[in-house]
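Q: Chains R and H, in that order, are what the protein sequence lines are. Just so it is clear: in the first sequence, position 55 is 54 by numbering that gives the first Met the number 0, and no numbers are missing. Just so it is clear: in the second sequence, position 41 is 40 by numbering that gives the first Met the number 0, and no numbers are missing.
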Amino acid sequence: MNLMKKEQREDQMESKKGNVYRSPACDILENDNEYIVYFDVPGVEKSDLSVKVEKNNLYLTAECAKNPGENYLCLRDEMIYSGFRRSFDLGESVDSEKISAEYSNGTLKLVLPKKEEKKTQEIKIKVS
Amino acid sequence: MTRTIFDDLFEINREMNRILNQGRFTSTAAWPETNIYESKDDYILVSKVPGMEKKDIDITIRDNTLTIAGKREKKYADARKQHLNERFAGEFQRSFMLNEKVDVDKIKAEADNGLLMVRVPKSPEIQPKKIEIK
Numbered sequence: 000m001n002l003m004k005k006e007q008r009e010d011q012m013e014s015k016k017g018n019v020y021r022s023p024a025c026d027i028l029e030n031d032n033e034y035i036v037y038f039d040v041p042g043v044e045k046s047d048l049s050v051k052v053e054k055n056n057l058y059l060t061a062e063c064a065k066n067p068g069e070n071y072l073c074l075r076d077e078m079i080y081s082g083f084r085r086s087f088d089l090g091e092s093v094d095s096e097k098i099s100a101e102y103s104n105g106t107l108k109l110v111l112p113k114k115e116e117k118k119t120q121e122i123k124i125k126v127s
Numbered sequence: 000m001t002r003t004i005f006d007d008l009f010e011i012n013r014e015m016n017r018i019l020n021q022g023r024f025t026s027t028a029a030w031p032e033t034n035i036y037e038s039k040d041d042y043i044l045v046s047k048v049p050g051m052e053k054k055d056i057d058i059t060i061r062d063n064t065l066t067i068a069g070k071r072e073k074k075y076a077d078a079r080k081q082h083l084n085e086r087f088a089g090e091f092q093r094s095f096m097l098n099e100k101v102d103v104d105k106i107k108a109e110a111d112n113g114l115l116m117v118r119v120p121k122s123p124e125i126q127p128k129k130i131e132i133k
C-alpha cells in the first residue's frame, strides 16, 4: 500500500453546503496484519459519512449536517462547516472485503486488513 | 468580545499557516478551532474536539473568562510503523474573555460528534430596563 505517494486531494470540489471540501487530518498506522487509519471529522453525523473502495482507491466523504450558529451574530469565526473529502490509493495489499469502520466522538477509525499473501511472514532458519 | 494583541498574533499565525499549507490540514492546530456566537440573551461557543471523551475536557469560568482545557492521547502501542501523523496530540488550553456579565450558574455544555457546544446565558442584570417618564 503506497499511501503517501498517490494521495489525491480534491480541494476544488463543492460540498452540498456550497463550501469547499477540506481534507481531514489523518493518521495511518501499519501492523503485521492490517493498516489502521484515523480521520478527524468533527461535526459530522454518522449517517453523513461515506467510505467507498473503488478500484483499489479508498474514498472518504463527509458532510456537516448542521451549523449550530444559525440566527446568531458571529463574534469569532475560525472554523468552517464544510464537508470533508480525502482519498488514498490502497494498492494491491489490502483485502477490501474485510474493511471495518468505527465512529465515535468525531473520529473515524478504519481497519484495513492485509491480504493473506501480503502479510509479514517470519522465516524460520533451520539449524542443521 | 475584547480583542488583545494575542488574538491578532494568532490570526496572523493562522493566516500564514493557511497560505503556506494551502488550507489543508488546518484542524491539526495545537488548540481547537472555536467559533463564538452572540445573541441578545446568550453566547454560544463551538469548538472542534474530535476524538476526545467528556472526561478529557475541562471547562471553567472565572472573572467572566471562559477557559477550555483538555488533552488528547493517541495510543498507538501496537503499531509497527506510522505512515502519516497529522492528528493533534497533547494538551491545550484556551481562554475567551466575554464582554458582558454572564449568569455563571446556568452555563451548559454538551459534546456531540466531536463538537463541543457551550451555552453561556447573559446575566439578567444587563438586560435593558425601560424607565417610565413621570
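Even glycine gets a Cβ: it sits at the ideal position worked out from N, Cα and C. Just so you know, these numbers come straight off a predicted model, no measurement behind them.
1. Here's a check: name, in chain order, each residue in its chain whose Cβ is nearer than 6 angstroms to the Cβ of glycine 42 of chain R, leaving out the five neighbours to either side.
2. From the beta carbon of arginine 75 of chain R, is the nearest beta carbon of chain H less than 8 angstroms away?
3. Name, please, each residue of chain H whose Cβ falls closer than 8 angstroms to the Cβ of leucine 111 of chain R.
4. Am I right that leucine 28 of chain R and leucine 57 of chain R are in contact with their C-beta atoms under 8 angstroms? What's the rounded C-beta distance?
5. Buried or exposed for glutamine 7 of chain R, going by 16 or more other Cβ atoms inside 10 Å?
6. If you count every other CB in all the chains shown that lies within 10 Å of the CB of arginine 21 of chain R, and 16 or more means buried, which is it?
7. So, at 6 angstroms on beta carbons, what are the nonlocal neighbours of glutamate 96 of chain R in its own chain, with the 5 sequence-adjacent residues on each side left out?
8. Beta-carbon of valine 119 of chain H versus every beta-carbon of chain R: anything under 8 angstroms?
9. Could you give the DSSP three-state label for arginine 118 of chain H: helix, strand or coil?
10. Quick one: residues in its chain with C-beta nearer than 8 angstroms to the C-beta of proline 123 of chain H, no 5 flanking neighbours on either side, listed in chain order?
11. Roughly how many angstroms lie between the CA atoms of glutamate 115 of chain R and glutamate 33 of chain R, to the nearest whole one?
12. Threshold first: 3 residues or longer. Then list the beta strand (DSSP E) segments lying entirely within the stretch 26 to 99 of chain H, N to C.
13. Going by the CB atoms, is the gap between valine 52 of chain R and leucine 107 of chain R shorter than 8 angstroms?
14. Just to confirm my understanding: we take leucine 48 of chain R, look at its own chain, exclude 5 residues before and 5 after, and list those with CB closer than 6 angstroms. What are they?
15. Please list the partners that aspartate 77 of chain H has in chain R, where partner means a Cβ-to-Cβ separation under 7 angstroms.
16. Which residues of the stretch 79 to 94 of chain H have a Cβ closer than 8 angstroms to any Cβ of chain R? Give them in chain order.
17. Going by the beta-carbon positions, is the gap between proline 120 of chain H and aspartate 57 of chain H smaller than 8 angstroms?
18. Would you tell me roughly how many angstroms separate the C-alpha atoms of leucine 114 of chain H and lysine 129 of chain H, rounded to the nearest one?
19. Here's the rule: buried if 16 or more other CB atoms are within 10 angstroms of the residue's CB, otherwise exposed. What is asparagine 98 of chain H?
20. Assign glutamate 29 of chain R to one of three DSSP states: helix, strand, or coil.
21. DSSP state of leucine 8 of chain H, grouped into three classes?
22. What's the gap between the Cα of phenylalanine 5 of chain H and the Cα of glutamate 14 of chain H?
23. Here's the rule: buried if 16 or more other CB atoms are within 10 angstroms of the residue's CB, otherwise exposed. What is asparagine 112 of chain H?
24. Report buried or exposed for isoleucine 67 of chain H, applying the criterion of at least 16 other Cβ atoms within 10 angstroms of its Cβ.
25. Spell out a yes or no on whether the stretch 67 to 79 of chain H and the stretch 87 to 96 of chain H are touching, meaning 3 or more CB-CB pairs, one atom from each, closer than 8 angstroms.
26. Please report the distance separating the alpha-carbon of methionine 11 of chain H from that of glutamate 77 of chain R.
27. When the distance is taken between beta carbons, is leucine 65 of chain H closer than 8 angstroms to leucine 83 of chain H?
A: This is what the structure holds:
1. As a first step, residue 42 of chain R is located in the first sequence; it is residue number 43 there, counting from the start. Closer than 6 angstroms at Cβ, skipping near neighbours: Cys63.
2. Within the first sequence, numbered from 1, the residue matching residue 75 of chain R stands at position 76. By this cut-off, arginine 75 of chain R is an interface position.
3. Numbered from its first residue, the first sequence carries residue 111 of chain R at position 112. Going along chain H, no residue has its Cβ under 8 angstroms from leucine 111 of chain R, so there is no contact; the nearest lies around 12 angstroms.
4. Translated into positions along the first sequence, residue 28 of chain R becomes position 29. Translated into positions along the first sequence, residue 57 of chain R becomes position 58. Their Cβ separation, rounded to whole angstroms, is 15 angstroms, which puts leucine 28 of chain R and leucine 57 of chain R out of contact at 8 angstroms.
5. As a working note, residue 7 of chain R is residue 8 in the first sequence. Since pLDDT at glutamine 7 of chain R reaches only 47, below the 50 mark, its modelled position is unreliable, and no value is offered.
6. If you number the first sequence from 1, residue 21 of chain R lands on position 22. Answer is buried; the Cβ neighbour count reaches 16.
7. Mapped onto the first sequence, residue 96 of chain R falls at position 97. Once the five neighbours on either side are set aside, glutamate 96 of chain R has no close Cβ partner at all.
8. Against the second sequence, residue 119 of chain H aligns to sequence position 120. Interface with chain R (8 angstroms Cβ-Cβ cutoff): valine 119 of chain H is excluded.
9. For the purposes of this step, residue 118 of chain H is taken as residue 119 along the second sequence, with counting starting at 1. Shown here, arginine 118 of chain H sits in a strand according to DSSP, grouped into three states.
10. In the second sequence, counting from the first residue as 1, residue 123 of chain H sits at position 124. Scanning its chain for C-beta atoms nearer than 8 angstroms, with the 5 sequence neighbours on each side dropped, one finds around proline 123 of chain H the residues Asp102, in chain order.
11. What you label residue 115 of chain R is simply residue 116 of the first sequence in a count that begins at 1. What you label residue 33 of chain R is simply residue 34 of the first sequence in a count that begins at 1. Glutamate 115 of chain R and glutamate 33 of chain R: Cα-Cα distance of roughly 10 angstroms.
12. Runs found: 33 to 37, 41 to 47, 56 to 61, 64 to 71, 80 to 84, 89 to 96.
13. To locate residue 107 of chain R, count along the first sequence from 1; it is residue 108. To locate residue 52 of chain R, count along the first sequence from 1; it is residue 53. The Cβ atoms of leucine 107 of chain R and valine 52 of chain R do not sit closer than 8 angstroms to each other.
14. Within the first sequence, the letter at position 49 stands for residue 48 of chain R. The beta carbon of leucine 48 of chain R sits closer than 6 angstroms to the beta carbons of Ala61 from its chain, once the five residues preceding and following it are set aside; these are given in chain order.
15. Within the second sequence, the letter at position 78 stands for residue 77 of chain H. Contact of aspartate 77 of chain H with chain R by beta-carbon distance below 7 angstroms involves Asn30.
16. Cβ contacts with chain R come from Arg79, Lys80, Gln81, His82, Leu83, Asn84, Glu85, Arg86, Phe87.
17. Taking the second sequence and counting its residues from 1, the one referred to as residue 120 of chain H is at position 121. Taking the second sequence and counting its residues from 1, the one referred to as residue 57 of chain H is at position 58. If you check the CB distance, proline 120 of chain H and aspartate 57 of chain H do not come in under 8 angstroms.
18. Position 115 of the second sequence, counting from 1, holds the residue named residue 114 of chain H. Position 130 of the second sequence, counting from 1, holds the residue named residue 129 of chain H. Answer to the nearest angstrom: the Cα atoms are 39 angstroms apart.
19. For the purposes of this step, residue 98 of chain H is taken as the residue at position 99 of the second sequence. Exposed is the call here.
20. Locating residue 29 of chain R in the first sequence gives position 30, where the first residue counts as 1. Three-state result, glutamate 29 of chain R: strand.
21. Walking along the second sequence from the start, residue 8 of chain H turns up at place 9. Of the three classes helix, strand and coil, the one that applies to leucine 8 of chain H here is helix, per DSSP.
22. Residue mapping note: residue 5 of chain H aligns to position 6 of the second sequence, counting from 1. Residue mapping note: residue 14 of chain H aligns to position 15 of the second sequence, counting from 1. Roughly 14 angstroms separates the two Cα atoms.
23. In the second sequence, the residue the question calls residue 112 of chain H occupies position 113. Burial call: buried.
24. On the second sequence, position 68 is the one that residue 67 of chain H refers to. Looking at its Cβ environment, which holds 16 or more other Cβ atoms inside 10 Å, isoleucine 67 of chain H is buried.
25. Touching, per the Cβ criterion.
26. If you number the second sequence from 1, residue 11 of chain H lands on position 12. If you number the first sequence from 1, residue 77 of chain R lands on position 78. The sequence given here places isoleucine at residue 11 of chain H; methionine does not occur at that position. Going from the Cα of isoleucine 11 of chain H to the Cα of glutamate 77 of chain R covers about 12 angstroms.
27. Within the second sequence, the letter at position 84 stands for residue 83 of chain H. Within the second sequence, the letter at position 66 stands for residue 65 of chain H. Cβ atoms of leucine 83 of chain H and leucine 65 of chain H: not closer than 8 angstroms.
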